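A.B. asks:
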Amino acid sequence: MSIKQLSFTKIFLAATLITSSVINIANAKNIAIYRWVDKNNIVHFSQNLPQGQDYTELSTVSSFKALSKAERKALAEEDKAAQIVEAQEQRQDIIIAQNKKTFEKNCKAARLNIKMLNSLDDIHISEEKSDGSIGSRPLTQAEKKEKLTLSKKHEGLYCSK
Numbered sequence: 046m047s048i049k050q051l052s053f054t055k056i057f058l059a060a061t062l063i064t065s066s067v068i069n070i071a072n073a074k075n076i077a078i079y080r081w082v083d084k085n086n087i088v089h090f091s092q093n094l095p096q097g098q099d100y101t102e103l104s105t106v107s108s109f110k111a112l113s114k115a116e117r118k119a120l121a122e123e124d125k126a127a128q129i130v131e132a133q134e135q136r137q138d139i140i141i142a143q144n145k146k147t148f149e150k151n152c153k154a155a156r157l158n159i160k161m162l163n164s165l166d167d168i169h170i171s172e173e174k175s176d177g178s179i180g181s182r183p184l185t186q187a188e189k190k191e192k193l194t195l196s197k198k199h200e201g202l203y204c205s206k
């Protein structure tokens with residue numbers, strides 16, 4: 046084995062050892078340790094959450110604060126509230142998207158009505174007669190003007206500028 050290969054191997058092993066140590070330190074801060082005293086006055090430490098109500102949570106890195114039961118409960122409630130807010134925001138986004146599609150559809154219909162009412166002189170509409178049958182009749186000028194006014198209001202309401 047040459048000197049260059051030997052020094053490369055040493056550097057590689059040192060880098061691997063340092064990387065492994067850093068990863069282990071980073072993972073160690075995520076481990077909770079629980080401390081409690083049983084009915085025989087014996088102090089216990091465990092990574093498993095004890096079943097009793099009287100325990101303290103410790104962390105493996107001193108810079109992290111141990112959580113009390115009240116703090117743990119408050120954090121859980123905050124997480125639950127945040128999840129509820131996120132779900133509401135997602136539902137609101139869905140409703141907004143549906144409303145946008147409806148507005149686009151109504152805008153297109155209003156513009157088509159305006160185009161038709163302005164371009165045609167004789168417009169017939171279908172309507173139900175007193176005997177229950179469907180018949181067709183021409184719009185009067187007053188009805189045509191009224192429908193044009195209504196379509197323009199719809200265009201103003203549904204079409205973004």
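Per the numbering used here, the sequence shown starts with residue 46, numbered consecutively. Heads up, the beta-carbon is just placed ideally off N, CA and C, and yes, glycines get one too. Model, not experiment: these values are computed from the prediction.
#1: Report yes if the CB atom of Ser-205 is closer than 7 angstroms to the CB atom of Asn-158, and no otherwise.
#2: Write down the C-beta distance between Leu-112 and Glu-102 rounded to the nearest angstrom, noting that I regard them as a contact closer than 8 angstroms.
#3: Among the candidates Lys-84, Asn-151, Ser-178 and Asn-85, whose CA atom is the shortest distance from the CA of Lys-198?
#4: On the premise that Ala-155 lies in contact with Tyr-203, defined as a C-beta separation below 8 angstroms, what is that separation, rounded to the nearest angstrom?
#5: Within the stretch 133 to 178, note down every full alpha helix (DSSP H) run reaching 4 residues or more, in order along the chain.
#6: Does the contact criterion of 3 or more C-beta pairs under 8 angstroms hold for the stretch 179 to 194 versus the stretch 162 to 171?
#7: Does the Cβ-Cβ distance between Ile-76 and Phe-90 come in under 7 angstroms?
#8: Assuming Tyr-100 and Arg-117 are in contact, meaning their beta carbons sit under 8 angstroms apart, how far apart are those beta carbons, in whole angstroms?
#9: Enumerate in chain order the residues of its own chain whose CB-to-CB distance from Glu-173 is below 7 angstroms, with the five nearest sequence positions on each side excluded.
#10: Straight-line CA distance for Ile-139 to Ile-87?
#11: Leu-165 and Leu-193 look like a contact to me (Cβ under 8 angstroms); what is the Cβ gap, rounded to whole Å?
#12: In this structure, does DSSP put Leu-94 in helix, strand or coil?
#13: By the three-class DSSP mapping on this structure, what secondary structure does Ile-76 have?
#14: Per DSSP, which residues does Ser-181 bridge with? Please list them.
#15: Could you tell me the alpha carbon to alpha carbon distance between Glu-134 and Ala-127, rounded to whole angstroms?
#16: For a test of the three-state rule: what should DSSP assign to Leu-112, helix, strand or coil?
C.D. replies: Taking the structure as given:
#1: Along the sequence shown, one-based indexing puts residue 205 at 160. Along the sequence shown, one-based indexing puts residue 158 at 113. Result no, Cβ atoms of Ser-205 and Asn-158 do not sit closer than 7 angstroms.
#2: Counted from its first residue, the sequence shown places residue 112 at position 67. Counted from its first residue, the sequence shown places residue 102 at position 57. Indeed they touch by this definition, with Cβ atoms about 5 angstroms apart.
#3: As a first step, residue 198 is located in the sequence shown; it is residue number 153 there, counting from the start. The option with the nearest alpha carbon to Lys-198 is Asn-151.
#4: To locate residue 203, count along the sequence shown from 1; it is residue 158. To locate residue 155, count along the sequence shown from 1; it is residue 110. At roughly 6 angstroms, the Cβ-Cβ gap stays under 8 angstroms, so Tyr-203 and Ala-155 are in contact.
#5: none
#6: yes
#7: What you label residue 76 is simply residue 31 of the sequence shown in a count that begins at 1. What you label residue 90 is simply residue 45 of the sequence shown in a count that begins at 1. No, these two residues do not count as a Cβ contact at 7 angstroms.
#8: For this step, residue 100 is matched to residue 55 along the sequence shown. For this step, residue 117 is matched to residue 72 along the sequence shown. No, Tyr-100 and Arg-117 are not in contact; Cβ-Cβ is about 10 angstroms, not under 8 angstroms.
#9: In the sequence shown, counting from the first residue as 1, residue 173 sits at position 128. The answer, listed in chain order, is Ile-179.
#10: Taking the first residue of the sequence shown as 1, we reach residue 139 at position 94. Taking the first residue of the sequence shown as 1, we reach residue 87 at position 42. Those two C-alpha atoms are separated by around 56 angstroms.
#11: The residue labelled residue 165 in the question sits at position 120 within the sequence shown. The residue labelled residue 193 in the question sits at position 148 within the sequence shown. Contact flag wrong, Cβ pair sits at about 11 angstroms.
#12: Here residue 94 refers to the residue found at position 49 of the sequence shown. Leu-94: coil per DSSP, three-state reduction.
#13: Numbered from 1 along the sequence shown, position 31 holds the residue referred to as residue 76. Here Ile-76 carries a coil assignment [DSSP, helix/strand/coil].
#14: Counting from 1 along the sequence shown, the entry for residue 181 is found at position 136. Ser-171.
#15: For this step, residue 134 is matched to residue 89 along the sequence shown. For this step, residue 127 is matched to residue 82 along the sequence shown. When rounded, the distance between both Cα atoms is 10 angstroms.
#16: In the sequence shown, the residue the question calls residue 112 occupies position 67. The answer is coil: DSSP assigns Leu-112 none of H, G, I, E or B.
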